[in-house]
Amino acid sequence: MPTDIVATIRDASGDEATTTIRVPSATTVANLTTFAVGWATALNLIIQGKIMSAFAYVKQSVAPLVGNAIEPESVIERQGHFIFLTVTGERVEVNIPTLAEDVVEAYTSDELNQADTQVAAFIAAMTTGIAVTGGTISPCDIAEGSISDVLIAREVHKNSGARR
Amino acid sequence: MALAVTLTFTITDALGKSAITKVRVPTGFSIAQYLEFGTAMGNIIAALANGAITDITIGVPLSLSGATIRAVATSLADVGEKALLMAQSAITGLFARFNIPTYDQSKTVSGSDQVDTTDTDVAAYIAVIESGVSGVAPCDRRANDLVDVISVRQVFGS
Chain S
9 MPTDIVATIR
19 DASGDEATTT
29 IRVPSATTVA
39 NLTTFAVGWA
49 TALNLIIQGK
59 IMSAFAYVKQ
69 SVAPLVGNAI
79 EPESVIERQG
89 HFIFLTVTGE
99 RVEVNIPTLA
109 EDVVEAYTSD
119 ELNQADTQVA
129 AFIAAMTTGI
139 AVTGGTISPC
149 DIAEGSISDV
159 LIAREVHKNS
169 GARR
Chain P
11 MALAVTLTFT
21 ITDALGKSAI
31 TKVRVPTGFS
41 IAQYLEFGTA
51 MGNIIAALAN
61 GAITDITIGV
71 PLSLSGATIR
81 AVATSLADVG
91 EKALLMAQSA
101 ITGLFARFNI
111 PTYDQSKTVS
121 GSDQVDTTDT
131 DVAAYIAVIE
141 SGVSGVAPCD
151 RRANDLVDVI
161 SVRQVFGS
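So the sequences go chain by chain: S and P. My numbering puts the first sequence at residues 9 to 172. My numbering puts the second sequence at residues 11 to 168.
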């Protein structure tokens, strides 16, 4: 599946809209940037708005995932709610919909059992990162401040607003 | 301030409803490394969830600091005024469509809704669609090359 490059354009009223162009999925980040610069320069000449940003969206196959199946009791409204702390003191919230009930402390609270293997694995991945070929990728906040600790891990129920 | 790369995991439940989880990671890695991370984190999330991950998308911010773009929208800029560009794919019968908001109406042929493809700026944009930039060539949603822009006209709507 190709990579989408999406540019956001703002008009005189402050309203924004996007325009999308697709390039081959094997394009490197450096080449995506070079393309985006050339594309934006040409685009700017035929529009009246201001180009605010450009993002590349790469689709990833879910086929390699293990144990990735829909259980009959799954509901998106039941979520795992995590709050992490970054090295700069910022907070990062992550919600996981369709949380499995067996990771919650057995009927005594809404706290997630952080000793549970699956919960511990998620917290470790978020606080210390995941090894990839040639390095380790450590999750962060939007300003790239590295996540260092977990503050809260609990079960929540949120209204999705959807009916089936 | 640099913006992080965002991995968005879409999770679907037994009733067919979907919700998302976002994990942000630093810039500076290759697409292949982000894909590796996406698979590993996807497996960890799948083990915590009773639903299934049905989509993983990696959003990479691209720097436009090297581009020549206006600092402020002109007073005439309107996202409802658009150019609609149609391009022929290398596979006969397949096309790609591009909606371009805040289109500059001065580039429309007088008395019609056709965009003047002989205009220097329009021709330069068409060249990007047909020939790409620095070896990177646009494609259709099936990853086929785009070979020819066949229609460019002015449209309205937001």
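C-beta atoms are modelled at their ideal positions from N, C-alpha and C, and glycine is treated no differently.
Interface flag, residue i vs chain P, CB-CB below 8 Å
i	result
residue 59 of chain S	yes
residue 119 of chain S	no
residue 55 of chain S	yes
residue 39 of chain S	yes
residue 30 of chain S	yes
residue 62 of chain S	yes
residue 203 of chain S	Residue 203 of chain S is absent from the structure shown; chain S starts at 9 and stops at 172.
residue 167 of chain S	no
residue 133 of chain S	yes
residue 116 of chain S	no
residue 123 of chain S	no
Under 7 Å from the C-beta of residue i: neighbouring residues of chain P
i	result
residue 76 of chain S	56, 62 and 63
Within chain P, partners of residue i - CB distance below 8 Å
i	result
residue 24 of chain S	89
residue 136 of chain S	Going along chain P, no residue has its Cβ under 8 Å from residue 136 of chain S, so there is no contact; the nearest lies around 13 Å.
residue 156 of chain S	Within 8 Å Cβ-Cβ: nothing; residue 156 of chain S doesn't reach chain P, min ~14 Å.
8 Å Cβ cutoff, residue i in contact with chain S
i	result
residue 51 of chain P	yes
residue 119 of chain P	no
residue 40 of chain P	yes
residue 48 of chain P	yes
residue 163 of chain P	no
residue 114 of chain P	yes
Residue i - partner residues in DSSP beta bridges
i	result
residue 113 of chain P	S/55
residue 27 of chain P	DSSP lists no partner for residue 27 of chain P.
residue 65 of chain P	P/20
residue 90 of chain S	S/102 and S/161
residue 7 of chain S	Here chain S comprises residues numbered 9 to 172, so residue 7 of chain S is not present and cannot be evaluated.
Residues that residue i contacts on chain S, provided the C-beta gap is smaller than 9 Å
i	result
residue 37 of chain P	37 and 152
residue 166 of chain P	By Cβ distance, chain S contributes nothing, its closest Cβ being about 13 Å from residue 166 of chain P, past 9 Å.
Within chain S, the residues that residue i reaches when beta carbons sit closer than 8 Å
i	result
residue 43 of chain P	140, 141, 142, 143 and 145
residue 160 of chain P	Simply none; closest approach about 17 Å.
Within chain S, partners of residue i - CB distance below 7 Å
i	result
residue 66 of chain P	68 and 70
residue 13 of chain P	150
Beta-carbon neighbours of residue i, restricted to chain P and to distances below 9 Å
i	result
residue 128 of chain S	Correct list: empty, because the minimum Cβ distance to chain P is about 10 Å.
### Task
Determine which residues of the region 77 to 99 of chain S have a Cβ less than 9 Å from any Cβ of chain P, and write them out in chain order.
77, 78, 79, 80, 81, 82, 83, 84, 85, 86, 87 and 88
### Query
Which runs of the alpha helix (DSSP H), 4 residues or longer, sit entirely within the region 30 to 86 of chain S?
37 to 52
### Task
Could you list the residues in the region 68 to 85 of chain P with a C-beta less than 9 Å from some C-beta on chain S, going in chain order?
68, 69, 70, 71, 72, 73, 74, 75, 76, 77, 78, 79, 80, 81, 82, 83, 84 and 85
### Message
What are the residues in the region 102 to 113 of chain S lying within 7 Å of chain P by C-beta distance?
### Response
102, 103, 104, 105, 106, 107, 108 and 111
### Message
For a minimum of 4 consecutive residues, which ranges assigned as the alpha helix (DSSP H) are wholly contained in the region 88 to 144 of chain P?
### Response
130 to 141
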